[in-house]
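Structure first, commentary second.
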Amino acid sequence: MRASKSIVIKLILVIMLSCTVIFSITLSYNYYRSSVILEKELENNARNLALSLVNRVEAELLSVSKVADGMSRTLEICRYDKQNIHSLIKTTVEQNPSIYGSTIAFEPYAFNKTRRFYAPYYFRDKGTIQFKPLEESYNYLQYIYWDWYQIPRELGRSEWSEPYFDEGGGNILMTTYSVPFYEVHDGKKRLKGVVSADIGLESLTKLISSVKILKSGYASLYSRTGMVLAHPLKEAIMNETIFNIAEERKDPLLREFGKKMLTGESGFVHFKSLTGIKSWIYYAPIRSTGWTLTVVFPETELLENVRKLSLTMAGIGITGIIFLTLTVAFIASSITKPLRQLAAATQVVASGNFEVALPDVHTKDEVGILTNAFQMMTKSLKEYIRNLTETTAAKERIQSELKVAADIQLSLLPRIFPPFPDHNDFDIFALMDPAKEVGGDFYDFFFIDRDKLCFLIADVSDKGVPAALYMMVTKTLLKSEGQRLGDPDIILSSVNNILAVDDDSCMFATVFLAVLDLKNGEVRFANAGHNPPVLVKEHEVKCLSLHTGFVIGPMPDSCYKTEKITLSPGDILFLYTDGVTEAKNYEEMLFGEKRLIESLNKAPTDSVKEMIYSIRENVRIFSQDCSQSDDITMLAIKYNGPDETK
């Protein structure tokens, strides 16, 4: 009883402590990783949202600028009078909903030598198109002194103005796109005036505020001087700059943020927004105007679901630990009784008495399995002693085992193609045709990290079961060391040293191993005595010239060299074993590298699967269905260029 209670108590304490530690670590890690993943996802989402908004604003501005540019070109190449001018401006405003108002403002006396200023202005007012002469509307300052006229006039190019209140003109907050137009007189280019198109700031504000971000997130817009143009804080619009607010708050981070905005940078930052809430903020420039758009995500709303999930997991975990404690106590108590009975029966069997009665256990747990195993063991021992000399079924068993071995060997090789259907940046296919029931050739491919695919092909010396066993060990080592080390030469060196430790069979393997960087097509590879691969380009097929290292397995501390090439989109790397080039026909002729190159020149390149089947068919036709003397293994990988959707 003491022993039973001791086992029960030990089980409870060990399992309780282990579960508590594991659960605490898991919960903490889950919260941390969830936050990190959320931050990364947020940055991507924020970037996409900001760029989408920027594109929408840019599209709005571009449509207006194109109209104004068109008006300017029209004025430079066509003759016009007062009626034409009015018709052109009015039609432009009527047909372009994005334009609030437009004018063609002439230089002094440029339109009429008896009239100093002339600037007819058409604008929208309560759903109708209204007219106003700007030369009479600006009471205190003529239009030629306004920024929307003076800046493009002096710079000699089109320009977006800083937002302003157009008192005497449209009488709203607006920004203006202005284009100077010219006339050629006596071979000289002379400024004739400026075409302008206005966008009401309210329309841009509505466009930006239409985006819903969580519960209280928002998008905002700043001018190239840091002036607030669109923001939930209405009182800040056109009254505050980001630098004023930074000075009031004594916030150097906000000031630095403003400097980065003014230099046209984009980024993802974490600090208090203008509303005073800790937030994640993504900012991006609007290139045409020099403005900056920001997208604000409140931190508390972002982590709300993570906190709820953590609390739910904590409740489930505590409940589970309590239930597990009760279950372990019950099971441990029920286990100890039949275990004692089984231990006594084991001592009797050990003395040579196979007729002992075992405990009557009907459960399917470990105790039940152990009891049944003892029963089977006693029966097997008696049967073994009785049939020790019988070997009539040995050959049949061996054949069966060979078939199982062949099935196991094939199951170890990747056979599902495409293996990575969500990857459009490459296409890979491989085929292994063993010469016997089990062979020594193999191939493999796997990801070392998100952007690096390792692929290899190998040929083990000898054939049959020994080669298959050696192949399984070598393949396992190459994959485990490949995922751990990453560099081709280091991988081959490590596997070689491991195999060479107890290589009493004196077996070895040739290996070609490469790592493809999916981002840029760079292939880093190392060779251990294997056939050089063939590079298939659009107008060229050639064998790679590479350093041939020593085979792996027989000798420790062999050195290998990593080399590299860069694949262009559409390039194919074809790997093969000597079973391809050494395939024979009835005349004892070899298929050879020359026929392989010719076959690859004619093989389809749209699909690596079709390419490999084409080569296999060519080998079969050449060998005239002769008995296959060596394993035939091929692997082809086609690089399609980086996947822009990832």
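Position one of the sequence shown corresponds to residue 2 (this note's numbering), numbered consecutively onward.
Idealized CB from N, CA, C, for every residue including glycine.
In angstroms with no decimal places, state the Cα-to-Cα distance between residue i and residue j.
| i | j | result |
| --- | --- | --- |
| F112 | V68 | 22 Å |
| G593 | E583 | 6 Å |
| V524 | P489 | 10 Å |
| D452 | V65 | 43 Å |
| Y283 | S274 | 11 Å |
| F107 | G188 | 21 Å |
| N521 | I38 | 26 Å |
| F118 | V195 | 12 Å |
| A277 | E249 | A small correction: the amino acid at residue 277 is Gly; Ala does not occupy that position in the sequence shown. Answer to the nearest angstrom: the Cα atoms are 12 Å apart. |
| Y141 | R158 | Because the pLDDT of Y141 is 47, which lies under 50, any placement of that residue in the model is unreliable, and the number read from its coordinates should be weighed accordingly. Between Y141 and R158, the C-alpha separation is close to 27 Å. |
| N586 | I616 | 16 Å |
| E61 | N172 | 21 Å |
| T264 | R288 | 11 Å |
| F124 | G268 | 38 Å |
| I323 | Y30 | 22 Å |
| S608 | M314 | 48 Å |
| A501 | D408 | 28 Å |
| N46 | L234 | 24 Å |
| E482 | D644 | 27 Å |
| A529 | L493 | 8 Å |
| D434 | T646 | 36 Å |
| D428 | P419 | 7 Å |
| R34 | E42 | 12 Å |
| V620 | D626 | 9 Å |
Which class does residue i belong to by DSSP, given the choice of helix, strand or coil?
| i | result |
| --- | --- |
| Y284 | strand |
| I152 | helix |
| G530 | strand |
| M635 | strand |
| V474 | helix |
| L12 | helix |
| V37 | helix |
| V22 | helix |
| M314 | helix |
| H186 | strand |
| D504 | coil |
| Y223 | strand |
| A198 | strand |
Which word fits residue i, buried or exposed, when buried means at least 16 other C-beta atoms lie within 10 angstroms of its C-beta?
| i | result |
| --- | --- |
| T378 | Reading the sequence as shown, one finds Met at residue 378 and not Thr. So M378 counts as exposed. |
| H540 | exposed |
| Q410 | buried |
| S19 | exposed |
| T93 | buried |
| F468 | A small fix is needed here, since residue 468 is Ala in this sequence, not Phe. Flag for A468 reads buried. |
| K251 | exposed |
| D632 | buried |
| V254 | At residue 254 the sequence reads Leu, which differs from the Val that was named. Burial call: exposed. |
Cα-Cα, which of the options is closest to residue i?
| i | options | result |
| --- | --- | --- |
| M175 | I200, K260, K610, F551 | I200 |
| T295 | D70, F623, V270, K279 | V270 |
| L215 | Y561, T372, T301, T511 | T301 |
| L413 | N425, N388, F447, F427 | F447 |
| E589 | P109, S630, P419, M612 | S630 |
| L14 | T115, L202, F272, T328 | T328 |
| S103 | Y110, I86, P109 | I86 |
| L576 | F456, A51, I16 | F456 |
| L1 | T578, F623, G259, E599 | With the chain represented from 2 up to 647, any question about residue 1 goes unanswered, as that position is not in the structure. |
| E155 | F182, R596, L135 | F182 |
| M262 | P299, L234, Y223 | Y223 |
| D70 | T177, T115, D434, L343 | T177 |
| C507 | S462, F331, M473 | S462 |
| R416 | D450, A431, T75 | A431 |
Does the ligand MN have even one heavy atom less than 7 Å from the beta-carbon of residue i?
| i | result |
| --- | --- |
| L325 | Absence of the ligand MN is noted for the structure shown, with no ligands found whatsoever. |
Spell out a yes or no on whether the segment 80–89 and the segment 222–240 are touching, meaning 3 or more CB-CB pairs, one atom from each, closer than 8 Å.
-> Touching, no, given that fewer than three Cβ pairs across the two stretches are closer than 8 Å.
Could you say if the segment 562–571 and the segment 635–644 meet the contact criterion of at least three C-beta pairs nearer than 8 Å?
-> The segment 562–571, when compared against the segment 635–644, does touch it at the 8 Å Cβ threshold.
Does the pairing of the segment 217–234 with the segment 158–169 give three or more beta-carbon distances under 8 Å?
-> Yes: at least three Cβ pairs fall under 8 Å.
Per the contact definition of three or more C-beta pairs closer than 8 Å, is the segment 544–556 in contact with the segment 497–508?
-> Three or more pairs of CB atoms, one per stretch, sit closer than 8 Å, so the segment 497–508 contacts the segment 544–556.
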